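Report on the following structure.
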Amino acid sequence: MRHAEALTESPTGDDFGRPLSPRGQEGATRIGNAMARFGWLPQRVLVSSAARTRQTWDLLKPAIESPELDCSIEERLYSATAGRVLDMIRESADAVNAVAIIGHNPSMHELALRLASESSDPAAFNLLRQKFPPAGIVRLEFEGSWQTLNPFEARLTHFLRPQDIAE
């Protein structure tokens with residue numbers, strides 16, 4: 001998932017501290033509610049330590065939180081490349097059934113495109129190729145161990161944006 005829409009400036013004057021805009025807050029809440037409705041309940045969540053990603057998580061959490069959920073705030077996600085994010089996913093234990101990442105573009109967009117296989121949903125893949133907007137989320141499925149997840153081995157089943165969700 002890409003963080004929700006943020007303000008262009010931060011109270012601290014740096015990119016790291018940019019908070020969510022009101023529209024971003026609404027978008028994150030909509031995505032969280034949709035995740036709960038669809039049963040997309042991760043067991044592990046990795047969240048960039050930037051203000052906007054932490055705020056996105058804070059708005060998602062009430063809808064998808066469970067006793068099995070393990071969340072970690074990760075400084076290394078803030079400037080991570082798609083390859084580095086994939087390495088972080090590979091650190092997941094095999095007992096974990098679903099991992100969610102709340103990060104930044106371009107790495108979130110690049111990673112989703114890199115992981116999607118030819119068996120991906122064509123409509124979802126075509127939307128993803130165009131743009132990965134704020135609060136956009138992809139659902140990818142694959143068989144096997146997290147440690148062996150490689151490019152083009154996951155099936156993109158959904159690409160959801162806040163504007164796709166009915167209120």
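The opening residue of the sequence shown carries number 1 in full-length UniProt numbering; numbering runs sequentially from there. Backbone N, C-alpha and C define an ideal beta-carbon position, used for all residues, glycine too. As the structure is a computational prediction, the values presented were derived from the model and not from experiment.
Beta-carbon gap between residue i and residue j smaller than 8 angstroms
i           : j           : result
residue 1   : residue 165 : no
residue 155 : residue 107 : no
residue 104 : residue 48  : yes
residue 34  : residue 127 : no
residue 7   : residue 28  : no
residue 10  : residue 51  : yes
residue 98  : residue 41  : yes
residue 151 : residue 114 : yes
Whole-Å CB distance - residue i paired with residue j, under 8 angstroms assumed
i           : j           : result
residue 93  : residue 5   : Residue 93 to residue 5, Cβ: 33 angstroms. No contact.
residue 89  : residue 149 : 6 angstroms
residue 240 : residue 64  : Outside the displayed span of the chain (1 to 167) sits residue 240, for which this structure offers no information.
residue 30  : residue 162 : 5 angstroms
residue 116 : residue 77  : Wrong, their Cβ atoms sit about 20 angstroms apart, outside the cutoff.
residue 109 : residue 142 : About 19 angstroms separates the two Cβ atoms, so there is no contact after all.
Residues that residue i bridges to, as DSSP identifies them
i           : result
residue 156 : 140
residue 6   : 20
residue 107 : Per DSSP, none; premise fails for residue 107.
Residue i - containing beta strand (DSSP E), residue span
i           : result
residue 45  : 44-48
residue 73  : 70-74
residue 165 : Where residue 165 is concerned, there is no enclosing beta strand (DSSP E), given that its DSSP letter is neither H nor E.
residue 96  : Element bounds for residue 96: n/a, residue is neither H nor E.
For residue i, the nearest candidate out of the options (CA to CA)
i          : options        : result
residue 46 : 143, 19 and 84 : 84
residue 24 : 38, 3 and 39   : 3
residue 70 : 144, 81 and 95 : 95
residue 53 : 91, 130 and 75 : 75
Span of the alpha helix (DSSP H), counted from its first residue to its last, around residue i
i           : result
residue 123 : 122-130
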